[in-house]
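Protein chains: 2
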Amino acid sequence: MARTREFDTDQAVERAMDLFWRRGYAATSMQDLIAELGIGSGSLYAAFGSKEKLYALALERYCSRNAGALIAHLESAEEVRPALRAALTAMAEADLCDPERGCLMVNAATERASDPATADRVAATMRLVESTLAGALERARARGELAPDKDPVALARFLTTFIQGMRVMGKARADRTFLEGAVEAALTTLD
Amino acid sequence: MARTREFDTDQAVERAMDLFWRRGYAATSMQDLIAELGIGSGSLYAAFGSKEKLYALALERYCSRNAGALIAHLESAEEVRPALRAALTAMAEADLCDPERGCLMVNAATERASDPATADRVAATMRLVESTLAGALERARARGELAPDKDPVALARFLTTFIQGMRVMGKARADRTFLEGAVEAALTTLD
DNA sequence: CTTATTTTGTATCAATCAATCCATAAAGAA
DNA sequence: TTCTTTATGGATTGATTGATACAAAATAAG
Chain A
148 MARTREFDTD QAVERAMDLF WRRGYAATSM QDLIAELGIG SGSLYAAFGS KEKLYALALE
208 RYCSRNAGAL IAHLESAEEV RPALRAALTA MAEADLCDPE RGCLMVNAAT ERASDPATAD
268 RVAATMRLVE STLAGALERA RARGELAPDK DPVALARFLT TFIQGMRVMG KARADRTFLE
328 GAVEAALTTL D
Chain B
148 MARTREFDTD QAVERAMDLF WRRGYAATSM QDLIAELGIG SGSLYAAFGS KEKLYALALE
208 RYCSRNAGAL IAHLESAEEV RPALRAALTA MAEADLCDPE RGCLMVNAAT ERASDPATAD
268 RVAATMRLVE STLAGALERA RARGELAPDK DPVALARFLT TFIQGMRVMG KARADRTFLE
328 GAVEAALTTL D
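This is the structure in structure tokens:
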């Protein structure tokens with residue numbers, strides 16, 4: 148009945164995510180996106196509506212993927228502490244491999260906190276990270292990996308905060324020694 | 148011999164800092180600055196050269212002031228641990244009082260890490276924060292406030308990272324309970 | 001094939017961007 | 001005063017911004 152879309156919407160969001168991730172929201176122009184995505188502006192606006200809406204989709208994708216990776220790390224393994232160490236080390240490694248990139252969610256929190264949709268998405272993801280960590284630490288305590296007098300929720304809040312700090316330090320040219328030292332020190336809160 | 152400048156350069160940088168702080172670099176236009184500073188564009192460019200140079204001055208001021216506050220907190224007090232707690236609590240309090248604002252240095256690290264001047268200034272300030280913390284913790288160890296087997300440098304790196312995380316969480320709508328819990332958990336690394 | 005519907009690509013919009021120009025004003029030196 | 005020098009502020013620059021208009025092309029149902 149009608150002409151079929153020539154580009155893959157999913158792939159377009161993926162590439163837009165990549166561009167917003169590297170350059171930020173304001174510094175990424177629609178022309179940049181058009182050039183990178185290889186889609187005409189007419190098609191782009193017909194498919195996504197506006198720059199803000201495309202950004203929202205990109206951020207949503209990033210947040211669910213990122214939180215998903217943490218959940219996968221923590222809920223698949225039996226032993227919690229090694230899994231947590233592995234998750235933190237993986238984040239540090241990502242920052243070291245690609246220091247220019249950082250974390251799209253942290254970028255969103257700092258650059259676009261005044262936008263309600265962005266703020267809501269970031270806050271919701273932070274809560275998910277917190278509750279995932281709290282759940283894992285609760286499990287650790289039940290398993291005897293964590294002392295009974297430790298507070299899983301307080302520790303989860305602490306770790307959530309520390310993780311965001313790592314993303315910032317990664318962009319601030321922190322080296323391997325720095326980040327790994329910080330991770331080891333952070334993990335002593337569990338002892 | 149020549150006409151005297153009518154505006155206060157120092158105050159102009161101060162107000163520019165305020166604007167960049169709240170809105171970010173890209174989202175702050177020269178027209179915004181002209182309106183906020185009450186200076187004509189001719190005078191502004193004659194005095195500061197470009198938007199980037201004005202931003203550099205604003206960031207420099209913020210960084211030295213911020214690191215200075217931490218140094219003042221840690222090096223004035225005799226007991227290190229209460230001073231460190233007070234410093235972290237003050238940061239959390241600042242985030243809670245003005246959540247829209249966040250930290251200009253964190254914003255700079257995330258939004259403008261690709262600019263060498265910005266990246267250098269941020270990295271240098273991070274190193275100053277780290278060494279200040281390391282010095283304080285070294286002193287704490289000498290005073291018997293910190294166990295001899297603790298590593299002041301690793302702890303300083305950890306705390307530097309945690310502080311940046313707090314700035315991010317403050318913008319992500321973290322509440323008082325969250326931030327205070329995180330601070331208390333972070334401080335247990337010293338035990 | 002015809003027709004209805006959607007996509008595509010280009011041209012284009014007004015608005016805004018950072019930056020420059022320049023006539024005028026002001027202030028100290030001679 | 002007169003002269004030199006700098007500051008001021010508004011007009012203006014060309015480029016770019018996010019977004020829209022629209023004709024041509026493509027698709028599938030009837």
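Chains as they are written, first to last, in the numbering used here: chain A, 148 to 338; chain B, 148 to 338. All C-beta atoms, glycine included, are put in the ideal place defined by N, C-alpha and C. None of the values given here were measured: they were computed from a predicted structure.
Check, Outcome
"Would you report the Cα separation of A255(B) and G291(B), rounded to the nearest angstrom?", "38 Å"
"Should M177(B) be labelled buried (16 or more other beta-carbon atoms within 10 Å of its own) or exposed?", "exposed"
"N254(A) CB to nearest chain B CB: under 8 Å?", "yes"
"Give me, in chain order, the residues of the same chain whose beta-carbon lies closer than 7 Å to that of C250(A); leave out the 5 immediate sequence neighbours on both sides.", "R314"
"Return yes when the Cβ of A205(B) is within less than 8 Å of the Cβ of M164(B), no when it is not.", "yes"
"Sort R162(A), R259(A), T236(A), T272(A) by Cα distance to A329(A) and report the nearest one.", "T236(A)"
"Output yes or no for whether 8 Å exceeds the beta carbon distance between T279(A) and L334(A).", "no"
"With C-beta atoms as the reference, is R170(A) less than 8 Å away from A266(B)?", "no"
"If contact means a Cβ-Cβ distance below 7 Å, which residues of the region 197-228 of chain A contact chain B?", "none"
"In terms of residue numbering, what span does the alpha helix (DSSP H) encompassing G328(B) cover?", "323-334"
"Under three-state DSSP, which class holds L231(B)?", "helix"
"With a cut-off of 8 Å, does the C-beta of F167(B) fall near any C-beta of chain A?", "no"
"Within its chain, find whatever has a CB closer than 6 Å to the CB of I218(B); leave out the 5 residues flanking it on each side and keep chain order.", "T279"
"Taking Cβ positions only, does L302(B) come closer than 8 Å to chain A?", "yes"
"I need the straight-line Cα distance from M273(B) to T324(A), nearest angstrom please.", "15 Å"
"Checking contacts by CB at 8 Å: is R339(B) closer than that to chain A?", "Residue 339(B) lies beyond the stretch modelled for chain B, which goes from 148 to 338, so this question has no answer here."
"Give the straight-line distance between the Cα atoms of L284(B) and I310(A), rounded to the nearest whole angstrom.", "23 Å"
"So which of K318(B), L293(B), V300(B), A174(B) has the shortest CA-CA distance to V227(B)?", "L293(B)"
"Who are the neighbours of D189(B) on chain A, taking C-beta pairs under 7 Å?", "According to the sequence as given, residue 189(B) is Gly; it is not Asp. By Cβ distance, chain A contributes nothing, its closest Cβ being about 26 Å from G189(B), past 7 Å."
"If you draw a straight line from the C-alpha of E258(A) to the C-alpha of D245(B), how long is it?", "15 Å"
"Kindly indicate the opening and closing residues of the alpha helix (DSSP H) around L184(A).", "177-184"
"Can you pull the chain B neighbours of E153(A), defined as C-beta to C-beta under 7 Å?", "Chain B residues near E153(A): none, gap ~32 Å exceeds 7 Å."
"So, is D242(B) buried or exposed, given that buried needs 16 or more other C-beta atoms within 10 angstroms?", "buried"
"Can you say whether G196(A) is buried or exposed, counting buried as having 16 or more other CB atoms within 10 angstroms of its CB?", "exposed"
"Note down, in chain order, every chain A residue with its Cβ under 7 Å from the Cβ of Q311(B).", "G312, V315, M316"
"Round the Cβ separation of T156(B) and F167(B) to the nearest angstrom and send it over; I've been treating them as touching at under 8 Å.", "Not really, about 16 Å apart at Cβ, beyond 8 Å."
"Tell whether a beta-carbon distance below 8 Å holds between T186(B) and A203(B).", "Strictly speaking, residue 186(B) in this sequence is Ile, with Thr absent from that position. No; because the gap between Cβ atoms is not below 8 Å, this pair is not in contact."
"Taking only three categories from DSSP, how would you classify E226(A)?", "coil"
"Would the beta-carbon of E327(A) fall within 8 Å of that of A230(A)?", "no"
"In this structure, how does DSSP classify T257(A) when only helix, strand and coil are distinguished?", "helix"
"Mind reading off the beta-carbon distance from R268(B) to C210(B)? Whole number of angstroms is fine, and I expect it under 8 Å.", "6 Å"
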